[in-house]
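> Encoded as C-alpha cells, here's the structure I'll be asking about.
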Ligand code: SF4
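Residue numbers (the numbering used here): 1 to 453.
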C-alpha cells in the first residue's frame, strides 16, 4: 500500500492538475492513485503530452512482465509479481514445472513421459495439482532428431513445451512441429541471439536469454526485444545453487525497484544441473523462478514439488477456504450425526479424510469463519453461537435429520453452552484432534444407538 501511495505521489507531480474530470475521476489525485494501482491508463488524461505519457507508461507497467507460456486451457502465466517477500503481499503466478526429455531417447519413451504429464493429477485441499509441460533437449546435436522428438511429444501434448537447443537450425526444426503452440525457446546467447530472436519473432514464442552476469542478461534481453522477440525470460546460467539464489534475488530486486527495467522478466531455472536436484527445485519455487525444468521426477519428489508450490503461491493473508454449506459424507440418513466445523480448507480435508476412514456416514456443516482454523476462529470471535445458528438455519440442517444434536470441534468447547442456548440443539464436544473423530463417533454415537445421546 505504501509503495502504491509513493508511486501515486510521483505520478501526481507529472499531472497538469486542472481538475477538469475529463479522465473520469473527480480529481487529478484520484487519477494518480488509480494509475499507480494499475486501474487507469495514461491515455485517459487528454492534457498530457506524449513524452509524459511515455514516462507514465514506464512508471505504471508491471515491474516484471507477464509471460504466457503455451496456448489453450493449459496455458501457464508467469511473472507479473510485485513483491520480494511473500508476506508483503503474495506471490501470484506459480512457476511452470516442466519434465525434460532428450532427443536421444526412443519415441516411445518420450511419448510415455508426455502421456504422464497429460494425465497425472494430484488432488490437494480442493485443487487439482498438475505438471505444466515438457522440455525437449537437443542432446543429439542433430536438427532432424530434434524435430522427430518434438513431433513425438506433439502426438500427445496439449500443454506448453520448452525447446532447448543452442542451434538455430535445430530450434527451427522443432518449431516446424509445434511453433503454433508458442513453445518457449531456450536459449538466445551472445553468439546466436540474432537468429534465435528472429525465430521467436516469427513464431510469437517466449524466448529465454542466457548469460552468466546480470549486465549481460539485461543487454541480451534488450537486444532480443529490439529484434522483435515478444516475451523474454532470463536464464542467469548459474554454476551452482548459491549462484542461482544470488542472481535470481538480484534480478527480482532490480526489477521491482525498476533500477534495471531490462531485468523485468520471469526467471528460468534448469534444476537438473544441481545435485541434489530436489534442492534446485525447492530453491526455484521459493526464489522467484517462473519456469523450472526438472528430470522426470519420482512420485515422492513430484508430490513434494507440487505441494510446496501450492503452499508458497497461496495468499498468506487469505487462507485456502471451503465454500460454507452442508456436505454429505457417505450416505447419511436422518439418524446420522451432524458435525460442525470451520471453512479452513486444511481442517475440512483433514477431517473429511478421517470421517471417510471411519465409514460412519454423517452430515458435515461447514461454517464461514473466513478461512480461519478452529482455534484461531474461536480466539478471534469468528466462530460464534450466532454463526452456528445462522448456518443451521441457512442450510436447513434440521430438515435433514430427526435429532437435534450437533458435534462441535474440541477447541470450540468454550462455546458449547452458548450454542445450546442460541440454537436449541444439544451439543456434543468432539475431540481436539481430527484423528480421534472415528473413535469418538463409535463411542458416542454408534455404540449408544441411533441418535441416542
Ligand atoms: Fe487531472 Fe488530467 Fe484528469 Fe483533468 S483529465 S482531472 S487534468 S488527470
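All residues carry an ideal CB built from backbone N, CA and C; glycine is no exception. Treat the numbers as computed from the prediction; the structure is a model and nothing was measured.
1) Could you please give me the residues that DSSP links to residue 135 through a beta bridge?
2) Buried or exposed for residue 128, please, with buried defined as at least 16 other CB atoms from any protein chain shown within 10 angstroms of its CB.
3) So, is residue 462 buried or exposed, given that buried needs 16 or more other C-beta atoms within 10 angstroms?
4) Check whether the region 418–428 and the region 385–401 are in contact - that is, three or more C-beta pairs closer than 8 Å.
5) Identify which residue in 336, 76 and 16 has its Cα closest to the Cα of residue 52.
6) Can you find the residues in the same chain that come closer than 7 Å, C-beta to C-beta, to residue 328, ignoring five residues on each side of it along the sequence?
7) Taking 7 Å as the cut-off, is the CB of residue 344 close to at least one heavy atom of the ligand SF4?
8) Below 8 Å between beta carbons: does that hold for residue 344 and residue 371?
9) Under 8 Å by Cβ, that's how I've got residue 429 and residue 398 pegged, so tell me the actual separation to the nearest angstrom.
10) Just to confirm, does residue 39 get its C-beta within under 7 Å of one of the non-hydrogen atoms of the ligand HEM?
11) What's the gap between the Cα of residue 317 and the Cα of residue 82?
12) Taking C-alpha atoms, which residue in 116, 408, 418 and 66 lies nearest to residue 233?
13) Helix, strand or coil for residue 193, going by three-state DSSP, please let me know.
14) Answer yes if the region 276–292 comes into contact with the region 110–128, meaning at least three C-beta pairs across the two stretches below 8 Å, and no otherwise.
15) Any heavy atom of the ligand SF4 within a distance shorter than 7 Å of the CB on residue 22?
16) Compute the minimum distance between the beta carbon of residue 13 and the heavy atoms of the ligand SF4, and state whether it is under 7 Å.
17) What three-state label does DSSP hand residue 408 in the structure shown?
18) Whole beta strand (DSSP E) runs in the region 230–296 with 3 or more residues, listed along the chain?
19) Taking DSSP as the reference, what is the three-state secondary structure of residue 187?
20) Any heavy atom of the ligand SF4 inside 7 Å of the beta-carbon of residue 27?
21) Can you tell me the Cα-Cα spacing of residue 442 and residue 432, whole angstroms?
22) Using a Cβ-Cβ cut-off of 7 Å (strictly less than) and excluding sequence neighbours within five positions of residue 21, which residues of its own chain qualify?
23) By Cβ distance below 7 Å, which residues in the same chain neighbour residue 454 in space, the five residues on each side in sequence not counted?
24) Are residue 417 and residue 354 close, meaning C-beta to C-beta below 8 Å?
25) Counting only runs that start and end within the region 325–349, where is the beta strand (DSSP E) found for 3 or more residues in a row?
26) Alpha carbon to alpha carbon, what distance is there between residue 10 and residue 207?
27) With distances taken from CA atoms, which of 330, 182 and 292 is nearest residue 309?
28) Tell me whether residue 91 counts as near the ligand SF4, meaning its Cβ is closer than 7 Å to at least one heavy atom of that ligand.
29) Given this structure, state the Cα-to-Cα distance separating residue 229 from residue 357, to the nearest angstrom.
30) For residue 47, count the other beta carbons within 10 Å of its own beta carbon; 16 or more makes it buried, fewer makes it exposed. Which is it?
31) Would you report the Cα separation of residue 59 and residue 256, rounded to the nearest angstrom?
32) When DSSP labels each residue in this structure, what does residue 353 get in the three-state scheme?
33) Flag this pair as yes or no: are the beta carbons of residue 324 and residue 64 separated by less than 8 Å?
This is what the structure holds:
1) Taking the first residue of the chain shown as position 1, residue 135 is located at position 135. Answer by DSSP bridge pairing, in chain order: 100 and 162.
2) Residue numbering aside, residue 128 sits at position 128 when the chain shown is read from its first letter. Exposed, by the Cβ-count rule.
3) Lying outside 1 to 453, the shown extent of the chain, residue 462 is not represented and no answer is given.
4) Contact holds between the region 418–428 and the region 385–401, because three or more Cβ pairs, one in each stretch, are under 8 Å apart.
5) Locating residue 52 in the chain shown gives position 52, where the first residue counts as 1. The residue among 336, 76 and 16 with its C-alpha nearest the C-alpha of residue 52 is 16.
6) Reading the chain shown from its first residue, position 328 is the one you call residue 328. Spatial neighbours of residue 328 in its own chain (CB-CB distance under 7 Å, excluding positions within 5 residues in sequence) are listed in chain order as 363.
7) Residue 344 sits at position 344 when you count from the first residue of the chain shown. Checking every heavy atom of the ligand SF4 against the Cβ of residue 344, none is found closer than 7 Å.
8) For the purposes of this step, residue 344 is taken as residue 344 along the chain shown, with counting starting at 1. For the purposes of this step, residue 371 is taken as residue 371 along the chain shown, with counting starting at 1. With contacts defined as CB atoms closer than 8 Å, residue 344 and residue 371 qualify as a contacting pair.
9) Within the chain shown, the letter at position 429 stands for residue 429. Within the chain shown, the letter at position 398 stands for residue 398. Taking 8 Å as the upper bound for CB-CB distance, residue 429 and residue 398 are not in contact here, some 20 Å apart.
10) What this structure holds is the ligand SF4, not the ligand HEM.
11) Residue 317 sits at position 317 when you count from the first residue of the chain shown. Residue 82 sits at position 82 when you count from the first residue of the chain shown. Each residue's alpha carbon lies about 15 Å from the other.
12) In the chain shown, counting from the first residue as 1, residue 233 sits at position 233. Out of 116, 408, 418 and 66, 66 has the C-alpha closest to the C-alpha of residue 233.
13) The residue given as residue 193 occupies position 193 in the chain shown. Correct three-state label for residue 193: helix.
14) They do not touch, by the three-pair rule.
15) Here residue 22 is taken as the residue at index 22 of the chain shown, counted from 1. At least one heavy atom of the ligand SF4 is nearer than 7 Å to the Cβ of residue 22, so yes.
16) By 1-based counting over the chain shown, the position of residue 13 is 13. No - the ligand SF4 has no heavy atom lying nearer than 7 Å to the Cβ of residue 13.
17) In the chain shown, the residue the question calls residue 408 occupies position 408. For residue 408, the secondary structure class from DSSP, reduced to helix, strand or coil, is strand.
18) Entirely contained in the region 230–296, the beta strand (DSSP E) runs reaching 3 residues are, in chain order, 231–235, 267–270 and 289–294.
19) Mapped onto the chain shown, residue 187 falls at position 187. DSSP places residue 187 in strand when its eight states are reduced to three.
20) To locate residue 27, count along the chain shown from 1; it is residue 27. At a threshold of 7 Å, residue 27 counts as near the ligand SF4, since its beta carbon sits closer than that to one of the ligand's heavy atoms.
21) Position 442 of the chain shown, counting from 1, holds the residue named residue 442. Position 432 of the chain shown, counting from 1, holds the residue named residue 432. Residue 442 and residue 432 have their C-alpha atoms some 16 Å from each other.
22) Residue 21 sits at position 21 when you count from the first residue of the chain shown. So the list is empty, once near-sequence residues are dropped.
23) In this structure the chain extends from 1 to 453, so residue 454 is not present and cannot be described.
24) The residue you call residue 417 lines up with position 417 of the chain shown. The residue you call residue 354 lines up with position 354 of the chain shown. Against a cut-off of 8 Å, the Cβ pair of residue 354 and residue 417 comes out as no contact.
25) For the region 325–349, whole beta strand (DSSP E) runs of length 3 or above, ordered along the chain, are 325–329 and 338–342.
26) Taking the first residue of the chain shown as 1, we reach residue 207 at position 207. Taking the first residue of the chain shown as 1, we reach residue 10 at position 10. CA-CA distance, residue 207 to residue 10, rounds to 33 Å.
27) Position 309 of the chain shown holds residue 309. For residue 309, the closest alpha carbon among the candidates 330, 182 and 292 is that of 292.
28) Sequence index remark: in the chain shown, residue 91 carries index 91 (1-based). No, since every heavy atom of the ligand SF4 falls outside the 7 Å radius drawn around the Cβ of residue 91.
29) Residue numbering aside, residue 229 sits at position 229 when the chain shown is read from its first letter. Residue numbering aside, residue 357 sits at position 357 when the chain shown is read from its first letter. Going by the C-alpha atoms only, they are around 54 Å apart.
30) The residue labelled residue 47 in the question sits at position 47 within the chain shown. Per the 10 Å Cβ criterion, exposed.
31) Locating residue 59 in the chain shown gives position 59, counting from the first residue. Locating residue 256 in the chain shown gives position 256, counting from the first residue. Between residue 59 and residue 256, the C-alpha separation is close to 11 Å.
32) Sequence index remark: in the chain shown, residue 353 carries index 353 (1-based). DSSP places residue 353 in helix when its eight states are reduced to three.
33) Walking along the chain shown from the start, residue 324 turns up at place 324. Walking along the chain shown from the start, residue 64 turns up at place 64. Against a cut-off of 8 Å, the Cβ pair of residue 64 and residue 324 comes out as no contact.
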